[in-house]
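Peer 1: In the working numbering, the protein residues as written are 5 to 339. Cβ coordinates follow ideal geometry from the N, Cα and C atoms, glycine included. None of the values given here were measured: they were computed from a predicted structure. Handing you this structure, nothing more for now.
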């Protein structure tokens with residue numbers, strides 16, 4: 005079983021962390037089976053969030069009786085102190101625990117700090133003083149916010165997208181975390197479903213000081229990752245050649261959802277619409293296919309092809325073309 009030290013937290017987590025976003029899509033019984041099988045197979049790190057509908061409840065049902073043997077991280081999207089406390093108390097109740105190992109701000113568009121007027125970081129400190137949380141983390145899709153968090157010295161962990169489709173900016177961020185002894189929790193190691201060879205994704209990440217969490221919703225997926233406990237994939241010449249070919253083919257499809265392209269002159273929610281194909285396949289589809297979701301996607305028809313979003317993308321994506329491809333894919337689900 006391969007493990008990694010999660011920065012200054014000194015937590016030792018398995019390289020195969022369990023990302024519990026996708027278990028929203030399966031029944032309680034199936035989710036509990038997957039979570040328990042993951043634990044029995046040696047996985048000790050489970051990541052969820054308050055916004056992942058019933059994910060926390062499923063985790064609590066499956067693993068509360070082995071709480072002392074696992075590491076749990078969850079997240080709050082609240083932008084108010086009142087909402088922060090409501091989220092934290094709800095998470096503790098659903099997870100059936102009296103503490104959370106890593107409590108994370110969930111993709112805020114700014115870096116919460118003491119004295120910034122929001123009161124959010126002060127609430128984190130109070131929760132830590134009360135023993136409700138052990139470590140303070142932040143998740144993000146924006147390089148600027150992520151770097152600010154790392155350099156602030158206020159955070160014990162950073163959760164950020166990283167895979168073999170990532171570029172030099174993300175790689176630099178990984179090593180910045182290493183320099184400041186901040187645990188790098190690697191989300192979207194399969195690029196939101198674009199990468200279909202988990203063994204190659206796993207092998208690639210063994211080069212870096214990161215703790216991957218894999219989104220799992222099927223037993224066959226879990227079995228793949230559990231098989232790597234005894235036989236960890238290694239990065240061979242053949243795998244490197246495959247990665248280079250994949251980068252050429254797929255890199256232009258990978259919207260990180262960072263929001264640098266926003267706002268759109270005609271009100272298109274670019275950072276959601278440009279990754280809709282991934283969202284439909286890796287998270288509960290019902291909300292995305294609702295009347296509101298359809299109206300959001302139909303706005304793509306109003307695109308002016310002005311190129312502003314494309315010019316602002318730090319990852320060089322052809323955003324207008326990506327929007328159109330996602331819209332065509334989306335219409336297949338509506339039918």
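Looking at the ligand GTP, does it come within less than 7 Å of residue 275, judged from the CB to the closest heavy atom?
Peer 2: The ligand GTP is not part of the structure shown, which contains no ligands of any sort.
Peer 1: Measuring straight from C-alpha to C-alpha, what distance separates residue 308 and residue 24?
Peer 2: 38 Å
Peer 1: Mapping the DSSP letters down to three states, classify residue 162 as helix, strand or coil.
Peer 2: strand
Peer 1: Report the option in 79, 34 and 10 whose CA atom is closest to the CA atom of residue 224.
Peer 2: It is 34 whose Cα lies nearest to the Cα of residue 224.
Peer 1: May I ask you to list the residues that DSSP assigns as paired with residue 80?
Peer 2: Residue 80 is bridged to 109.
Peer 1: Would you check if the region 224-240 and the region 259-269 touch, i.e. whether three or more CB-CB distances between them fall below 8 Å?
Peer 2: no
Peer 1: Whose C-beta lies closer than 7 Å to the C-beta of residue 182 among residues of the same chain, with five residues either side of it excluded?
Peer 2: 213
Peer 1: Could you pull out every residue in the same chain whose Cβ sits closer than 6 Å to the Cβ of residue 146, ignoring the five residues on either side in sequence?
Peer 2: 262
Peer 1: With residue 289 and residue 337 assumed to form a contact (beta carbons below 8 Å), what rounded beta-carbon distance in angstroms separates them?
Peer 2: 7 Å
Peer 1: From residue 306 to residue 300, what distance separates their C-alpha atoms?
Peer 2: Using only the alpha carbons, I get a separation of about 11 Å.
Peer 1: Can you give me the C-alpha to C-alpha distance between residue 6 and residue 203, rounded to a whole angstrom?
Peer 2: 14 Å
Peer 1: By Cβ distance, which residues of its chain are closer than 7 Å to residue 43, with the 5 residues on each side in sequence left out?
Peer 2: If we look at residue 43 and ignore the five residues flanking it on each side, its Cβ neighbours are 67, 70 and 74.
Peer 1: Is it buried or exposed, residue 205, if we count other Cβ atoms within 10 angstroms and call 16 or more buried?
Peer 2: buried
Peer 1: Suppose contacts are defined by Cβ-Cβ distances below 8 Å. Is residue 163 in contact with residue 189 by that definition?
Peer 2: The answer is yes: Cβ separation under 8 Å.
Peer 1: Less than 8 Å between the C-beta atoms of residue 60 and residue 78, yes or no?
Peer 2: yes
Peer 1: Tell me which residues share the same chain as residue 12 and place their Cβ nearer than 8 Å to its Cβ, disregarding the 5 neighbours each side in the sequence.
Peer 2: 160, 185, 186 and 187
Peer 1: What span of residues does the beta strand (DSSP E) with residue 51 cover, start to end?
Peer 2: Secondary structure note for residue 51: its beta strand (DSSP E) is the uninterrupted segment 49-51.
Peer 1: Consult DSSP for residue 64 and reduce its assignment to one of helix, strand or coil.
Peer 2: helix
Peer 1: Could you check the C-alpha separation between residue 172 and residue 115 for me, to the nearest Å?
Peer 2: 22 Å
Peer 1: Using a 10 Å radius around the Cβ and a threshold of 16 neighbouring Cβ atoms, would you call residue 211 buried or exposed?
Peer 2: exposed
Peer 1: Please name the residue or residues paired with residue 140 in a DSSP beta bridge.
Peer 2: 107
Peer 1: In this structure, does DSSP put residue 193 in helix, strand or coil?
Peer 2: coil
Peer 1: Helix, strand or coil: how does DSSP classify residue 118 here?
Peer 2: Coil, per DSSP.
Peer 1: So what does DSSP say about residue 222, is it helix, strand or coil?
Peer 2: coil
Peer 1: Quick check on the burial criterion: 16 or more other C-beta atoms within 10 angstroms. Buried or exposed for residue 52?
Peer 2: buried
Peer 1: Check the C-beta distance from residue 317 over to residue 264 and give it rounded, since I have them as a contact under 8 Å.
Peer 2: Beta-carbon to beta-carbon, residue 317 and residue 264 are separated by about 6 Å, close enough to satisfy the 8 Å threshold.
Peer 1: Please report how far the alpha carbon of residue 105 lies from the alpha carbon of residue 99, in whole angstroms.
Peer 2: 12 Å
Peer 1: Only counting the same chain, and skipping five residues up and downstream in sequence, which positions put a Cβ closer than 6 Å to that of residue 180?
Peer 2: 154
Peer 1: Run through DSSP, which three-state label would residue 9 get?
Peer 2: strand
Peer 1: Spatial neighbours of residue 118 within its chain, please: CB distance less than 7 Å, with the 5 preceding and 5 following residues excluded, ordered by chain position.
Peer 2: 125 and 126
Peer 1: Spell out the partners DSSP gives residue 17 in its beta bridges.
Peer 2: 8
Peer 1: By the 10 Å Cβ neighbour count, where 16 or more other Cβ atoms means buried, how is residue 267 classified, buried or exposed?
Peer 2: Under this definition residue 267 is an exposed residue.
Peer 1: Thinking C-alpha only, which one of 209, 132 and 285 is nearest residue 244?
Peer 2: 209
Peer 1: Could you give the distance in angstroms between the alpha-carbon of residue 254 and the alpha-carbon of residue 320?
Peer 2: Cα to Cα, residue 254 sits roughly 13 Å from residue 320.
Peer 1: Between the alpha carbons of residue 270 and residue 334, how many angstroms are there, rounded?
Peer 2: 20 Å
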